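Visitor:
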Amino acid sequence: MASQLTAGKEVLSYCTKCKLALNHVIVAMKDEKTIHKVKCKTCSSTHAYKDPSLATTKKKRTTTAGRKKKTQTVAVSIADLWMKKMAETSQKSQPYKISGKFEVGDVLDHVKFGPGIVESIVDNDKIEVMFRHEIKTLIHNKA
Ligand SMILES: [Zn+2]
Numbered sequence: 005m006a007s008q009l010t011a012g013k014e015v016l017s018y019c020t021k022c023k024l025a026l027n028h029v030i031v032a033m034k035d036e037k038t039i040h041k042v043k044c045k046t047c048s049s050t051h052a053y054k055d056p057s058l059a060t061t062k063k064k065r066t067t068t069a070g071r072k073k074k075t076q077t078v079a080v081s082i083a084d085l086w087m088k089k090m091a092e093t094s095q096k097s098q099p100y101k102i103s104g105k106f107e108v109g110d111v112l113d114h115v116k117f118g119p120g121i122v123e124s125i126v127d128n129d130k131i132e133v134m135f136r137h138e139i140k141t142l143i144h145n146k147a
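The sequence shown runs 5 to 147 under this note's numbering.
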């Protein structure tokens, strides 16, 4: 009965895709007794392990009151900020080059990250640029 749980072993888990308790293969363990991730043998999707007994009892008790209670994130995402800044700026976008010299508020066009706006000058040769999905430190002012 004390069969050890390890990655590669089969286990019964609730599949989040098939919405059924099915045979899964353990992909990763959290610790010796806790399964972290499993792969469904039916749809071959990898997801977090879900105790099938817990999943089924929960399903039975589905009431209108217990429906999705998604808490909306209030925090402004980088994308929102970026869009606002891009809409507000009157700067003309210029192609990003290591040899270029940029100033705060400059709009540049990066080959990989797309359009961005210079947030700050980090060093004499580094700038912090806000792109749609992330803020990156780029090199500039290099001869
Ligand atoms: Zn599945």
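Backbone N, C-alpha and C define an ideal beta-carbon position, used for all residues, glycine too. In this text the structure is predicted, and so the values were computed from the model without any measurement.
#1: Which runs of the alpha helix (DSSP H) spanning at least 4 residues fall entirely within the stretch 19-67, listed in chain order?
#2: Which residues have their C-beta within less than 5 Å of a heavy atom of ligand 1, listed in chain order?
#3: Among residues of its own chain, excluding the 5 on either side of Lys1, which ones have a beta-carbon nearer than 8 Å to its beta-carbon?
#4: Taking the C-alpha atoms as reference points, what is the distance between Leu9 and Lys37?
#5: According to DSSP, is Ser17 helix, strand or coil?
#6: For Glu107, which residues from the same chain have a beta carbon less than 6 Å from its beta carbon, with the 5 sequence-adjacent residues on both sides left out?
#7: Compute the Euclidean distance between the alpha carbons of Tyr100 and Asp35, then round it to the nearest angstrom.
#8: Within its chain, find whatever has a CB closer than 8 Å to the CB of Glu14; leave out the 5 residues flanking it on each side and keep chain order.
#9: DSSP puts Leu112 in a beta bridge; with which residues?
Guide: In short:
#1: Counting only runs of 4 or more, we get 56-64.
#2: Those satisfying the condition are, in chain order, Cys19, Lys21, Cys22, Cys44, Thr46 and Cys47.
#3: Absent from the model: residue 1. The displayed extent of the chain is 5 to 147, so no value can be given.
#4: Rounded to whole angstroms, Leu9 to Lys37 spans 7 Å at the Cα level.
#5: If DSSP states are grouped into helix, strand and coil, Ser17 belongs with the strands.
#6: Excluding residues up to 5 positions away in sequence, nothing lies with its Cβ nearer than 6 Å to the Cβ of Glu107 in the same chain.
#7: The alpha-carbon separation between Tyr100 and Asp35 amounts to approximately 47 Å.
#8: Asn27, His28, Val29, Ile30 and Lys45.
#9: Looking at the DSSP output, Leu112 bridges to Gln98 and Gly120.
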